[in-house]
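Number of protein chains: 2
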Amino acid sequence: MRLVHSPAELQRLASEALVSGTIVGVVPTMGALHEGHLSLVRAARDECDLVIVTVFVNPTQFGPSEDLDKYPRSLEQDAILSEAAGADVVFAPSAADMYPAEFQNYVETGPLAERLCGASRPGHFRGVATVVLKLLNVTRAARAYFGEKDYQQLRVIQQMASDFNLPVEVVPVPTVREADGLAMSSRNRYLSADERKAALVLNQSLDLAAESWARGERGPEALGEGVRGVIESEPLARVDYVEVVDPVTLLPAAEGSTRVLIALAVVIGATRLIDNRLLA
Amino acid sequence: MRLVHSPAELQRLASEALVSGTIVGVVPTMGALHEGHLSLVRAARDECDLVIVTVFVNPTQFGPSEDLDKYPRSLEQDAILSEAAGADVVFAPSAADMYPAEFQNYVETGPLAERLCGASRPGHFRGVATVVLKLLNVTRAARAYFGEKDYQQLRVIQQMASDFNLPVEVVPVPTVREADGLAMSSRNRYLSADERKAALVLNQSLDLAAESWARGERGPEALGEGVRGVIESEPLARVDYVEVVDPVTLLPAAEGSTRVLIALAVVIGATRLIDNRLLA
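Residue numbers (numbering that gives the first Met the number 0), protein chains in the order written: chain R, 0 to 279; chain E, 0 to 279.
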């Protein structure tokens, strides 16, 4: 496995591969890799000739009061895990190489990026879309793998790919959970033992909504209230948002929809976690 | 020569060419082709294996009070001229195919796009950058040709290519002029006979500045005042802007700079024309 830091070097390598017919797959990450990321790498390995894992804690997607500085960084370990999962290349650029002094163009995202996490984290998806666009161009990827845990991110990237005619297939990969149901996230390591237990309310509340749905409940308001009730019963948890939305537009689901996404963000202690469930 | 309307069809065709080692060159145009455009096509022909001329009057780069509806359209003639200059493909998509209903992502341009024409035409370069990004992705071009007449556009595209790590070389091509010095432009056909004569002040004023420069004048203010004086002596001409700027940043040139760009926009009757001169 090769570790590359220079965007220009990686683009050269990827372009040479591309023009000789190689299918490049990319897994964009911020590192601190867990099983969720590794399931993306394995999916890429199954479907592509050259698998590139990018590891870059992207400053433009963090707000001024967010956890950019303390975000976990573990490149050596990430490289070992990536290789074991089938990566051919780990690309770990510097912020200075990705955002040189004269840098000035961004992706201006639209309505998909405005609600849910976009409302809680202004500018977040502008940063995500911009760095993903750059990473797709550097890696020349034909296939790009994104986890469904970050469902809004997935939709934002899918829409950007469509709007900009990007020559890439965006491949969604199901959320990977711990044995007790907590969705894997690099931010789970911020949790104390008590918070770790409290964090189970995210998945539990979604399970409850799935049961209501299975019993025939189709009212977005009732579904949302049920989820909110479970979370509010946990003293260490504070709801950021709970929303029942259309899975394509991410706008509030219409009464009686036959496909909805329940998306939520919950703050446990000082750690903001997200999860979601598609009901159909 | 092939005429293609569908973005998906062209992207398929271009991708097949790319993965077998073909160098694709693109000349993005709004049609109404003149010798300026054709010099771009010939440059692409000299350097590329597959030459694609795009013909698309891009609605997102026109302001609400601008000439989108009356902008000249002449696809049949454009296809004939493109073929004669060496194009392999003319790509002429519909606005509905380029901007479907759910379209929502744009390029957010930076300081390079704010002054000069960006100040007179708010949102213009956001539309230009967005459509060029799309066209580069659809055509998979390794080389993209832009005329120096639209100097700010050239800089905006160069910076976008750099910022987004686009796998393309942006190739500048010198301005082509009529025998009497008027820079070729599709908008020249809006001019009446009297206006056509009056329009010579653009190039004449720049010639005068070049003479001052050759005599040693290095003061941006003096150079700009000279240009402005020539244009204001023409009753049919109204200055939109005359600016003496750094050719890279497009910010006002410092006193004593050894390389400046004089950029100007002048309204002749109801037609807004631009021109520029690099002095070094």
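C-beta: ideal position from N, C-alpha, C; glycine also. Keep in mind it's a predicted model, so treat the numbers as computed, not measured.
Run down chain R in chain order and give the residues with a C-beta less than 8 Å from the C-beta of Thr108 of chain E.
Translated into the one-based positions of the second sequence, residue 108 of chain E becomes position 109. Within 8 Å Cβ-Cβ: Gln103, Asn104.
Express the C-alpha separation of Arg139 of chain R and Leu222 of chain R in angstroms, rounding to a whole number.
Residue numbering aside, residue 222 of chain R sits at position 223 when the first sequence is read from its first letter. Residue numbering aside, residue 139 of chain R sits at position 140 when the first sequence is read from its first letter. If you take the alpha carbons of Leu222 of chain R and Arg139 of chain R, they lie about 42 Å apart.
Does the Cβ-Cβ distance between Ala182 of chain E and Leu201 of chain E come in under 8 Å?
As a working note, residue 182 of chain E is residue 183 in the second sequence. As a working note, residue 201 of chain E is residue 202 in the second sequence. In this structure, Leu201 of chain E lies closer than 8 Å to Ala182 of chain E by Cβ.
Looking at the secondary structure, which residues open and close the beta strand (DSSP E) in which Ile22 of chain E lies?
As a position in the second sequence, residue 22 of chain E is number 23, starting the count at 1. Taken as a continuous stretch (DSSP letters only), Ile22 of chain E belongs to no beta strand (DSSP E), as it is neither H nor E.
Counting Cβ pairs, one atom from each stretch, are 3 or more of them under 8 Å apart for the segment 101-115 of chain E and the segment 76-88 of chain E?
Contact between the segment 101-115 of chain E and the segment 76-88 of chain E is absent, because fewer than three Cβ pairs lie under 8 Å.
Hey, how far is the Cα of Ile22 of chain E from the Cα of Arg11 of chain E?
Within the second sequence, the letter at position 23 stands for residue 22 of chain E. Within the second sequence, the letter at position 12 stands for residue 11 of chain E. Each residue's alpha carbon lies about 15 Å from the other.
Is it a yes or a no for the segment 226-239 of chain R touching the segment 250-258 of chain R, going by three-plus beta-carbon pairs under 8 Å?
Verdict: no, contact absent.
For Asp87 of chain R, is the classification buried or exposed, using 16 other Cβ atoms within 10 angstroms of its Cβ as the cut-off for buried?
Here residue 87 of chain R refers to the residue found at position 88 of the first sequence. That one is buried.
Under 9 Å between beta-carbons, which chain E residues line up against Val137 of chain R? List them in chain order, please.
Here the question's residue 137 of chain R lines up with position 138 in the first sequence. Chain E residues near Val137 of chain R: Asn164, Pro166.
Between the segment 162-171 of chain R and the segment 0-17 of chain E, can you find at least three pairs of beta-carbon atoms closer than 8 Å?
These segments touch.
By the criterion of Cβ-Cβ separation under 7 Å, what are the contact partners of Leu132 of chain E in chain R?
Counting from one through the second sequence, the residue named residue 132 of chain E turns up at place 133. Correct list: Phe163.
Assuming Ala253 of chain E and Val170 of chain E make a contact with CB atoms under 8 Å, what is their CB distance in whole Å?
The count along the second sequence starts at 1 and reaches residue 253 of chain E at position 254. The count along the second sequence starts at 1 and reaches residue 170 of chain E at position 171. Incorrect: roughly 29 Å between the Cβ atoms, too far for contact.
Helix or strand or just coil, what does DSSP make of Val56 of chain E?
For the purposes of this step, residue 56 of chain E is taken as the residue at position 57 of the second sequence. Three-state result, Val56 of chain E: coil.
Hey, could you find the ends of the alpha helix (DSSP H) Tyr150 of chain E is sitting in?
Here residue 150 of chain E refers to the residue found at position 151 of the second sequence. Unbroken alpha helix (DSSP H) run through Tyr150 of chain E: 150-162.
Straight-line CA distance for Arg154 of chain R to Val127 of chain R?
For the purposes of this step, residue 154 of chain R is identified with residue 155 of the first sequence, where counting begins at 1. For the purposes of this step, residue 127 of chain R is identified with residue 128 of the first sequence, where counting begins at 1. Approximately 12 Å between the Cα atoms of the pair.
So who's on the other strand from Asn275 of chain E, going by DSSP bridges?
What you label residue 275 of chain E is simply residue 276 of the second sequence in a count that begins at 1. In the DSSP output, where bridge partners are listed per residue, Asn275 of chain E has E:Ala262.
What in chain R is Cβ-close to Gly20 of chain E, meaning under 8 Å?
Mapped onto the second sequence, residue 20 of chain E falls at position 21. Chain R residues near Gly20 of chain E: Val18, Ser19.
With a CB to CB cut of under 6 Å and the five nearest residues on each side skipped, what residues in its chain are close to Ile230 of chain R?
Here the question's residue 230 of chain R lines up with position 231 in the first sequence. Within the same chain, Ile230 of chain R has close Cβ partners Val200, Ser204, Ala236, Val238, Val265.
Taking Phe124 of chain E as part of the alpha helix (DSSP H), name the residues at either end of that continuous run.
Here the question's residue 124 of chain E lines up with position 125 in the second sequence. 123-138 is the span of the alpha helix (DSSP H), which, as asked, contains Phe124 of chain E.
Thinking just about the alpha-carbon of each residue, which of R:Ala141, R:Ile267, R:Ser161 is nearest to the one in Glu233 of chain R?
Indexing the first sequence from 1 puts residue 233 of chain R at position 234. The residue with the shortest Cα to Cα distance from Glu233 of chain R is R:Ile267.
Interface residues of chain R around Ser14 of chain E at Cβ under 8 Å?
Taking the first residue of the second sequence as 1, we reach residue 14 of chain E at position 15. Chain R residues near Ser14 of chain E: Pro166.
Between the alpha carbons of Arg217 of chain E and Ala209 of chain E, how many angstroms are there, rounded?
Numbered from its first residue, the second sequence carries residue 217 of chain E at position 218. Numbered from its first residue, the second sequence carries residue 209 of chain E at position 210. So the two alpha carbons sit approximately 11 Å from each other.
Measure the C-alpha to C-alpha separation of Glu194 of chain R and Arg271 of chain R and round it to an integer number of angstroms.
Residue mapping note: residue 194 of chain R aligns to position 195 of the first sequence, counting from 1. Residue mapping note: residue 271 of chain R aligns to position 272 of the first sequence, counting from 1. So the two alpha carbons sit approximately 11 Å from each other.
Decide if the segment 89-101 of chain R is in contact with the segment 48-64 of chain R; the criterion is three or more beta carbon pairs, one per stretch, under 8 Å apart.
Short answer: they touch.
Residues in its own chain within less than 7 Å of Val175 of chain E by CB, not counting five upstream and five downstream?
Position 176 of the second sequence, counted from the first residue, corresponds to residue 175 of chain E. Cβ within range, chain order: Glu34, Gly35, Ser38, Met183.
Let me know if Glu242 of chain R comes out buried or exposed under the rule of 16 or more other beta-carbons within 10 Å of its beta-carbon.
Reading the first sequence from its first residue, position 243 is the one you call residue 242 of chain R. Counting Cβ neighbours within 10 Å, Glu242 of chain R comes out buried, since at least 16 surround it.
If you check the beta carbons only, do Leu2 of chain R and Thr53 of chain R fall under 8 Å apart?
Stepping through the first sequence from its first residue, residue 2 of chain R is reached at position 3. Stepping through the first sequence from its first residue, residue 53 of chain R is reached at position 54. Going by C-beta atoms, Leu2 of chain R is not nearer than 8 Å to Thr53 of chain R.
Just to confirm, are Asp179 of chain R and Phe102 of chain E a CB contact at a threshold of 8 Å?
Within the first sequence, the letter at position 180 stands for residue 179 of chain R. Within the second sequence, the letter at position 103 stands for residue 102 of chain E. Not closer than 8 Å, so no.
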